[in-house]
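Everything below concerns the one structure shown next.
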Amino acid sequence: NIPPELVVNADQTPSSYVSVGKRTMDLRGSRTVAIKGLSDKRNITLTFVITLSGSFLPFQIIYAGKTKASQPRDVQFPAGFCLTQNPTHWSNEEETFKLVREIIHPYFVKKQIELRLPESQKALIVWDVFKGQMTPAVKRELRCLNIELAPVPANMTHFFQPLDLTVNASAKKFMRRKFITYYSSEIKSQLDSGKELDDIDVDFRLSKIKPLHAQWLIDMYNFFTTKRGSQIVLKGWKKAGIVDLFNEELILPPENPYEKFYS
């Protein structure tokens, strides 16, 4: 008896600073056309958390670096975000603990109070079997917090991971549109100032692009907390078949058909 507000899906996804498309500008008749930024591999890791009730929670952002100096400056993220950093910007056991302790568990506690549920009320996390979040220490932490775990088997996330089915792709499209708008506006501004096409150069240094990217992340979060964003979230749960399970419109057999994948 777990209410949909206490059922979450969490998943990591990369976010590129330079999200170029496959179109650019050059003189008519040019034999080769280079696309600036196409080989730019600089990115960070985002960990999204959504609920079965359609909410998109503040998310975790993992930057590449050893200290907080690697995080963007002069950017005010909404309350509840978890900003962190490590040398690779990848998630791991330590980052999973931060995710659970700073985002997921505080949300569960808040909802239990709002819904007037007992402290013994269980919650549920659906996430994949990425090793950083399936360690014995993480599992012990979840048990101590009264959180049940429903792991999505390896190679099955494109069927059963709600975030993979709608939100992650929508987030990438949102960020790409933000970057393209910035890029095109910079080109237009330089053309309007009288620069020749060959002399135009858009600044991709991290000191310039990192705070812009951070603001785009905030804009994306604000979008997913709207009614339209909630519809995208709910569609992911629906496509994964989890909505039908909770509505008892889909009945699984007594045996677990995916047990072999866990082992």
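Residue numbers (the numbering used here): 259 to 521. Note that beta-carbon positions come from the ideal geometry of N, C-alpha and C, so glycine has one too.
Please work out which residues of its chain come closer than 7 angstroms, Cβ to Cβ, to residue 492, disregarding the five sequence neighbours upstream and downstream, and give them in chain order. 312
Tell me which same chain residues have a C-beta within less than 6 angstroms of the C-beta of residue 300, skipping the five on either side of it? 275
Per DSSP, the bridge partner or partners of residue 495: Its beta-bridge partners do not exist; DSSP assigns none.
Helix, strand or coil for residue 475? Go by DSSP, reduced to three states. helix
Integer Cβ distance of residue 553 from residue 267, believed to fall under 8 angstroms: Outside the shown range of the chain, which is 259 to 521, sits residue 553, and nothing can be said about it.
DSSP-derived helix/strand/coil call for residue 352: helix
May I ask you to list the residues that DSSP assigns as paired with residue 267? 308 and 384
Would you identify the three-state DSSP class for residue 325, choosing helix, strand or coil? coil
Unbroken beta strand (DSSP E) run spanning residue 426, endpoints: Premise fails: residue 426 lies in the alpha helix (DSSP H), 426 to 450, not in any beta strand (DSSP E).
Label residue 402 either buried or exposed according to how many other C-beta atoms from any shown protein chain fall within 10 Å of its C-beta, with 16 as the threshold for buried. exposed
Nonlocal neighbours in the same chain, by C-beta distance under 6 angstroms from residue 333, ignoring five residues either side: 469 and 472
Does the segment 450 to 470 come close enough to the segment 413 to 431 to have 3 or more Cβ pairs within less than 8 angstroms? no
Compare the beta carbon distance of residue 336 and residue 316 with 8 angstroms and say whether it is the shorter of the two. yes
Near residue 261, what residues of its chain come up, given a Cβ to Cβ distance below 7 angstroms and the 5 sequence neighbours on each side ignored? 373
Taking only three categories from DSSP, how would you classify residue 301? strand
Within a Cβ cutoff of 6 angstroms, which residues of the same chain sit near residue 354, ignoring the five residues on either side of it in sequence? 390, 391 and 396
So is residue 376 buried or exposed if we call it buried at 16+ other beta carbons inside 10 Å? exposed
When the distance is taken between beta carbons, is residue 404 closer than 8 angstroms to residue 381? yes
For residue 261, does the three-state DSSP call read helix, strand or coil? coil
Closer than 6 angstroms by C-beta to residue 339: which residues in its own chain qualify, once you throw out the five before and the five after it? Chain order, please. 316
In this structure, what does DSSP give as the bridge partners for residue 407? 383
Could you tell me which of 318, 448, 341 and 435 sits nearest to residue 325, measuring between CA atoms? 341
Between the Cα of residue 321 and the Cα atoms of 308, 309, 310 and 350, which residue gives the shortest distance? 350
Quickly, what does DSSP pair residue 340 with across the bridge? List them, please. 318
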